[in-house]
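Below is one structure; the comments refer to it alone.
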Amino acid sequence: MEVTMPIRSPKKLIEVALPLADINAEASLRKRKAPSGYPTALHKWWAQRPPAAARAVLFAQLVNDPGYESGQGFQRGMNKKDAARERERLFEIIRKLVLWENTNDQTILRAAREEIRRSWQETCRLNARHPNATELFNPENLPAFYDPFGGSGSIPLEAQRLGLDSHASDLNPVAVVLNKAMIEIPPKFAGRPAVGPLPRNKEATERRTREMHEDWSGGKGLAEDIRRYGHWIRDEAERRIGHLYPRIRITKEMAEARSDLKSLAGQNLTIVAWLWARTVKSPNPAYTEVQVPLASTFLLSTKPGKEAWVQPVTTGGTYRFEVRTAIAGHGKPPVGAKGGTKVSQGSFRCLMSDTPIKYEYVDEEANAGRMGARLMAIVAEGSRGRVYLDPTDDMEAIAKSAAPGWAPDTPCRGTFASNALGRRYGFNVFGDYFTARQLVALSTLSDLVSEAGDQIRSDAVNAGMPDDGVGLEAGGTGATAYAEGVATYLAFAASRAYDYGCSISTWRPKDSAMRSGMSKQAVPMTWDFAEGNPFGESSAGFVECANVVSKVVATSLAPFDSSPGHAMQRNAAGAFPDGWRKMPVISTDPPYYDNIGYADLSDFFYVCMRRILRGQFPGLFSTLVVPKAEELVATPYRHGGKKEAEKFFLDGMTDAMHQIADASHPAYPITIYYAFKQSETKSKGTASTGWETFLAAVIRAGLSISGTWPMQTEGDNRQVGVGSNALASSIILVCRPRPKEAISVSRKEFLRELKGELEDALVAMLGGEGNLSPIAPVDLAQAAIGPGMGVFSRYSAVLEANGEPMSVHTALTLINKQVDEVLGGETFDAGTNFCLGWFQDFGWSAGEFGTANTLAQAKATSVLAVEQAGVITAKGGKVKLLRPADYPAGWDPQHDNRTPAWEALHQLVRALSQGGEAAAGALLARMPERSSDIRRLAFWLYTLCERKGWAEDARGYNELVATWHAIEAASHDLGQLGAQSRLDI
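Going by my numbering, the first residue of the sequence shown is number 36, and it counts up by one from there.
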């Protein structure tokens, strides 16, 4: 719809202020350790927004800021004092809203929904005379929500939780099914009781529990059926192929040989995993018939006191593996156990002769079909934890006796890093990622999920659920659709089992547990691998996989009083979907230039899901692999080169952003996530090809950037693909359509506006002024882009002297330069200016006195004056800055006549490190007038250290700023002695 009359759109909270520290604290906490039932556990995806971040962004995007506004045909809002008070009330809602434990708290959710509706009704009143008011501004009907890059479904789910009619689309079929499972299926069947049979071995207990505490609210009934039919599938699969996964008996002989097995003698233990090493024939002619192991480690457990390892034993012309444990009195693992037979990044050693085995040789052998595998150890479940056992010939023979009747024969990329180097190691089709036994398990579980659908429909009808014979895709809500819904989640459980049940899964000695095959943002090459037991109770067991999915449905999905969402396959650069509500609120997380190729990664799961769900979703699974030609990722190998890939990304993303700008509701800003690589903050500031290209697409699409917020959405403990950089945090871009009548300005005019607006914005960020959360130094370079690009993008063009439009790259360079000038430059006292110059050149190292004297004269001071200030030592013709730990603990700024900002800052760093926030607060209470300069200097030094790679020094400055409010609070509690601690802006 073309909107011609101006819209009276109040500023939203996200365009003014956020309790950023509270949001980031919760988001980063859950990314490090996700609790049971966390939505990211539903199915593997490679860029999942934490619910805390998505929920906070959406709430702030939907709620009006209380501040006073005038112009553009309307007046609204409060004076500064009342607005600050009201803003703090909204912040308190956000602080409660983002907490994981409040995910289903109806009181908090109702309060948030009421604020959203109140803001919407205010906006409707302001636009009551708009000619399209009936369609655009119905106070009884909130706008819909739409995410055109649905991905993991986190953002659409949180929009649904906040009471919006939620829509999502994605080009990737795996993402579409994931979004259906997030927002479409659960609300359809919310509040319905489970229909499946109780697991046989727990039936009596489960029945009593159900009868005493029957609660089928939300998605609990659906979740319980996922669990029950997960048991049914496991039991039926074990009946069919259980002979391939036997238990292991602890014999008398085994117990006599190992003292730690005596208490287990005579018991049949369930096996958790079989640990294998890939093998190739030795390149040494003397051992050419020996298949030698390619083991990256021989360690099994590194838990203190419970160490276990594989000990290779060579005898004559052969070898065997024996397991040694600390508990059995074998001591500690030998030094070489950690490295296995791997000697470098490019080679292994022959176990028999120590002859080097180059990767090129391994690749040749593997591609010729001559790579094998040898069982190294068996992990079983004992009464007191994991038990590590010697491999047996019988166990190896059973594994190799499996005869799969099906294997995915779709071509694959091999292992990603190896593929990039031209090596495939025999991985040519997806079936090559699995052993024969794993393929039997995979096909059996997949077939049983399909068979379970018929059983679920029958049980649902018998339980009284009406059946109209209409499936999910056709909008069904009866027994047929319910069976398909449960089967979708069981397919996710099978996909999870597939992830753990492949030959690129590994064993984690630190945790004595399995690591999934797709633990990285790549398909990795693994030399030794863990084959999990699908009938065990570990992470590889099918019941456990179904339980993980079930807990997500019960805990995170089907928010109260929510209507079913809608998810479909769509290219974001194409036309807006027919039949969907027009003018939605849009928040989205688009692809990140060349960081992650989701289509290549999701092929790994697609081939499994297609076998199960093709009959249910024929349109989604019509192709052999995930569509790639239209995926908005700059991958040179798809587009004929780096320049062609960049052009493809820029053009495609521009088209997508055009669609977003045209489709979004005019009363709301658009929020867009962009995840940064750590390497994108370079020596000249925050810039990269991907970031610049992305910003160029946004601006070319007619959007103006009205704010940026750095959020810790990526965690700090994940593994990523070889050659990739960790995505450390996201920038949330807040955008609105640029007025069509926007003018162009000259470079000189742009610089003048940039200097004025960016300086004010940075001062506010540094001080947490006006309810703005203080920005940590680690985030400052990203946060500063917002006001800077806000100036740049409000114009139709910024013209260079030759009349050519200024590039985004040039604009970012100028913004970064202005940030440096505001934070540093010659704006401190002379002593501090000297220290800054010296630190940039020498760090904490000593330099020549003559050099220091020249620098001091240039900074209008002397070496003697700086030495008397107590920040350097000047002895023997050498000058050196004091480290924070070298400053005296008894220092009192009120009795120091010469206190440069440098000294004040490093005394605070020392106090915080040695005595915590209280000690730092006590020191700040004695020099509150220096607060502004101390923080500004800390930001500048953090930025300098980060660019130079001085991580430990950078950490000290970041910690000081991150805890600044607590330090200030401590100083207030003690009573400040001197001027106020905040700037009056």
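Beta carbons: idealized from backbone N, C-alpha and C, even for Gly.
These numbers come from a predicted model, not from an experiment.
Assigned secondary structure, residue i (DSSP; H/G/I helix, E/B strand, else coil)
i	result
T390	coil
T349	strand
H601	strand
F356	strand
E249	coil
W344	strand
M411	strand
L762	Unreliable placement is indicated for L762, whose pLDDT of 37 sits below 50; the coordinate value is still reported in the next sentence. Strand at L762.
S189	helix
N851	helix
P745	strand
Y335	One point to set straight first is that residue 335 is Leu, not Tyr, in the sequence displayed. Strand, per DSSP.
Y73	coil
I276	helix
L592	coil
V901	helix
R945	helix
P41	coil
P446	strand
L53	coil
G951	helix
Delimiting residues of the beta strand (DSSP E) encompassing residue i
i	result
Q326	326-329
Y460	Unbroken run through Y460: none, as it is neither H nor E.
F180	180-182
M841	No beta strand (DSSP E) contains M841, which DSSP labels as neither H nor E.
G420	420-424
Paired residues, beta bridge with residue i - DSSP
i	result
K910	K913
K297	Looking at the DSSP assignment, K297 forms no beta bridge with any residue, so it has no partner.
W311	L410, F564
R384	P391
S739	R771
D833	Note that residue 833 is Val in the sequence shown, not Asp. Answer by DSSP bridge pairing, in chain order: V780.
I707	T623, L768
W542	M549
G375	G375 pairs with nothing; no bridge assigned.
L161	BP columns for L161 are empty, so no partner.
K47	N99
G417	G420
heavy atom of the ligand FMN below 6 Å from residue i C-beta
i	result
W562	As presented, the structure is devoid of all ligands, the ligand FMN included, so that no description of it is given.
Assumed close pair residue i, residue j - CB separation to whole angstroms, cut-off 8 Å
i	j	result
E519	G506	5 Å
S298	A363	Not confirmed; about 12 Å, so no contact.
T314	M406	7 Å
Y533	F462	No, Y533 and F462 are not in contact; Cβ-Cβ is about 16 Å, not under 8 Å.
V307	N568	6 Å
P439	V475	5 Å
S765	A731	The Cβ separation is near 19 Å, so there is no contact.
Y703	L97	7 Å
D57	R130	5 Å
G536	Q473	5 Å
Y460	D398	6 Å
A343	T360	4 Å
T258	V660	For the sequence presented, residue 258 should be read as Ala rather than Thr. With 8 Å as the limit, A258 and V660 do not qualify as a contact, their Cβ atoms being about 31 Å apart.
P928	M962	4 Å
Residue i - containing alpha helix (DSSP H), residue span
i	result
K223	220-223
T515	514-535
F884	884-893
W873	865-877
Y977	966-983
Y992	986-997
P86	86-97
R472	471-497
*4-residue-minimum alpha helix (DSSP H) runs that sit fully inside the region 101-141, ordered along the chain*: 115-132
*asked:* My parser needs the alpha helix (DSSP H) runs of 4 or more residues fully inside the region 606-660; what are they?
replied: 633-648
*Can you check the region 193-223 for any beta strand (DSSP E) of at least 3 residues that lies completely inside it and give the ranges in chain order?*
201-205
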